[in-house]
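Protein chains in written order, with the numbering used here: chain E, 120 to 802; chain H, 48 to 237. Positions of the beta carbon are idealized from the N, C-alpha and C atoms, including for glycine. Only one structure is covered here, and it is reproduced in the block below.
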């Protein structure tokens, strides 16, 4: 490329970034734009915040899209780490193989108010009501984007989309043609290797891939290595075909196997502290297969049918094993009625069946259970004033084996006074259905040794959590949201969303009877039962900006604030304990600042600074101090097809804790600084 | 607060790297355009490399009409193409709202906001000598002629030959050669 046009293009881009507006006058002064040939254009690096926000400008919900490039340049090596890129999302790494991820509050390893889908397949566990991130992964290079929708998405996506929905969408096979080899290794990421190959097949394309990795252990607060190793392997494929009659078919599948370690603080009546540490080994494996067909009817309406089968096995050796098979089928139709109605409706049916072997510590009865979920939804997007004002009304009706019918309506309004601004608001209701564990599990929760705080008796007390005695209700939320987006010229966009959520019938616990167990030595059993005794209200807002101060430099500041107020309806002491746990689950303030520089056509440098405020009250066993951390990434492309990168993670301290595990008795661990190198070769 | 002794040297190092890197980046100037500008430039090039049947132009000096449908953020960048010369004709740019208005256009750029109406729009334009271009995901699969797609921090494009044929448009071999989906495997990662 010649130097002169190159410089003038740069100068012009600089000027434009300064003015923040793209004026037609400026463009006419620069004849070089139309002198560029197609070949030149294909080599031009594109900058600009426009694309993402343009698309988002039309959505009446708080949506943030994490692109493939964002994931790559963040240096994240797993999906939960990449989710830290989005506003309103709390991600706490409990260990090197476990995460707590939530949107707008109630974070825990089993964050039950967040629905997560991967290519249309729910990865929300009906047993734990949450996402086991150690079981759900894919080749990160295959992810096209992750859509993070804050606020209830139940009307569209179904139950358990209470606080948000995360859609992980992989690339079409057509976009992953040829070969890809990825190898990485470092201090925390011990080793990662991945291979992908994409080719053509008939009227379509396919890819097959595999990946395997081993990850180092985290450390205890005292700095000793913990038992949270993680090794896993995964194979997958995807094919996309366009048939002659206009049908678009997708078929994808995955098989995985992994082993993760943990140390449990098991209740022990004989121990003076009430616990013994026990190393546990978790094995997980699974297979799924998904097919989708999309086509158009003569009238222009679009139809889609999707079905999948998913079977997984999770075993905590010696304690527990769940084998689950889920089959799901969904149908959807979208049609335009007249000039003003854009109507989507759909039907879905899911059947999930489990077989559970359990032992002393966790016991789940009955040991096999199936449940069905049938749902219907309809949503109409009504244009009130063309290209200015639209309203969305929708509802979903869901029937499930546990809690019967639940309506989940929403109403949204979006006003777009200009092409670069939009203001929206919504009111919606969503529910969270009880999990299999809440309904059927008995857990030996903890032991209070004789004389310990809370136990004035001369005998140790075993606290046992039991299945619900009366029917558990759905947790409900009514959410009020408002948001504003503004695109200030091509180089700056700002997105603000505020919410107030009112929760009722949240899962709490209540004290049951106490009885004496005449064993040797004798002890007391204090029973507790799940109930719906907790209420809560959250208020908060998120601000996300996307700014190109210079054409090759992107800065993304994000601030998220949440104020969570929870209280017990019953005043029961166990219920008040549940409230304390809920209150300690979320950081009130989170700040993320990313800087992405394209130093040259072959080099990029990224910096990511994060601040997370403290969890819990000072001195409480759930307290975690505030932390600030920094990740850096430098990447270099010696040739067009090879990229080498050096990534440093959590650089500001040697180790820090991010959350205290609740529910399962895992040991509290701290995350270490890590460095890794990675090579990516396309062939 | 978890302030540790190790933290400040690392931070200082990070800042030093950032400053050096920034200085280096200023020195190594590179070609960058805003996305809107690049898309406008692509549209201009597509108009260069596609041949319309002569009957679509009412007069010898009638302009080549580029139409924008929906909200797309390209407005001013494409407006800047106005009165440029392509195939001996001046370019005119117009915003359109309905299929009927589009019949006079030679190029129709379908904006992001039209995703929901895409199927209907393309159906309405079927058989017309109109070059449809869009950056919507899956545009050529839906029957569009040229789709702009992202890849490697650059823009690339894909061509639907069947749609071009149906629209009675002739595309130059250069255009077809550079299309991502038509290129041979070795030229794919351009």
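- Residue 160 of chain H belongs to the set of residues whose beta carbon lies under 9 Å from a beta carbon in chain E.
- The Cβ atoms of residue 488 of chain E and residue 555 of chain E sit closer than 9 Å to each other.
- Nearest in C-alpha terms to residue 92 of chain H, of all of H:110, H:151 and H:222, is H:222.
- Counting other Cβ atoms within 10 Å of its Cβ, residue 162 of chain E stays below 16 and is therefore classed as exposed.
- If you check each beta-carbon in the segment 531 to 561 of chain E against every beta-carbon of chain H, the ones closer than 9 Å belong to 535, 538 and 539.
- Residue E:301 holds the alpha-carbon nearest to the alpha-carbon of residue 261 of chain E among E:343, E:301 and E:586.
- In the displayed model, residue 189 of chain H falls within coil according to three-state DSSP, outside both helix and strand.
- Secondary structure at residue 92 of chain H: helix, using DSSP grouped into helix, strand and coil.
- Contact of residue 604 of chain E with chain H is not assigned, every C-beta pair being separated by 9 Å or more.
- Residue 190 of chain E sits away from residue 236 of chain E, with the two beta carbons spaced by 9 Å or more.
- Taking a beta-carbon distance threshold of 9 Å, residue 212 of chain E does not count as an interface residue toward chain H.
- Boundaries for residue 232 of chain E: no beta strand (DSSP E) harbours it, and the DSSP string shows neither H nor E there.
- Residue 209 of chain H: not part of any beta strand (DSSP E); member of the alpha helix (DSSP H) spanning 208 to 213, first to last residue.
- Residue 100 of chain H and residue 112 of chain H have their alpha carbons spaced roughly 14 Å apart.
- In the three-state scheme derived from DSSP, where H, G and I count as helix and E and B as strand, residue 190 of chain E is classed as helix.
- With respect to chain H, the C-beta atom of residue 371 of chain E has no partner C-beta closer than 9 Å.
- Counting other Cβ atoms within 10 Å of its Cβ, residue 243 of chain E reaches 16 or more and is therefore classed as buried.
- Within the same chain, 271, 529 and 598 come within 6 Å of residue 547 of chain E by CB-CB distance, once the 5 residues on both sides are set aside.
- When the beta-carbon positions are compared, residue 323 of chain E and residue 276 of chain E stay at least 9 Å from each other.
- Counting only Cβ-Cβ distances below 8 Å, residue 188 of chain H has contacts in chain E at 361 and 367, in chain order.
- Apart from sequence neighbours up to five positions away, the residues of its chain that approach residue 120 of chain H with a beta-carbon distance below 7 Å are 83, ordered along the chain.
- In the DSSP secondary-structure assignment, residue 382 of chain E is bridged to E:398.
- Buried is the label assigned to residue 206 of chain H, since at least 16 other Cβ atoms lie within 10 Å of its Cβ.
- The contact set of residue 156 of chain E on chain H, defined by CB atoms closer than 8 Å, consists of 92 in chain order.
- Contacts between residue 195 of chain H and chain E, judged by CB atoms closer than 8 Å, are missing: the closest CB pair is about 10 Å apart.
- Chain H has a Cβ within less than 9 Å of the Cβ of residue 160 of chain E.
- In the three-state scheme derived from DSSP, where H, G and I count as helix and E and B as strand, residue 694 of chain E is classed as helix.
- Secondary structure note for residue 218 of chain E: it is in no alpha helix (DSSP H), and the uninterrupted beta strand (DSSP E) holding it is 217 to 222.
- The CB of residue 281 of chain E never comes closer than 7 Å to any CB in chain H; the least such distance is about 27 Å.
- Put simply, the backbone Cα of residue 558 of chain E is about 22 Å away from that of residue 219 of chain E.
- Annotated as proximal: residue 606 of chain E and residue 539 of chain E, with beta-carbon spacing under 9 Å.
- Neighbours of residue 609 of chain E in chain H, taken as residues whose beta carbon is under 7 Å from its own, are 81 and 83 in chain order.
- By the Cβ test, the segment 410 to 425 of chain E is not in contact with the segment 394 to 401 of chain E, since fewer than three Cβ pairs between them sit closer than 8 Å.
- The segment 587 to 595 of chain E makes contact with the segment 618 to 632 of chain E; the number of CB pairs closer than 8 Å reaches 3 or more.
- Sixteen is the threshold: when 16 or more other Cβ atoms of the shown chains lie within 10 Å of the Cβ of residue 192 of chain H, as they do, the residue is buried.
- Looking at the DSSP output, residue 775 of chain E bridges to E:790.
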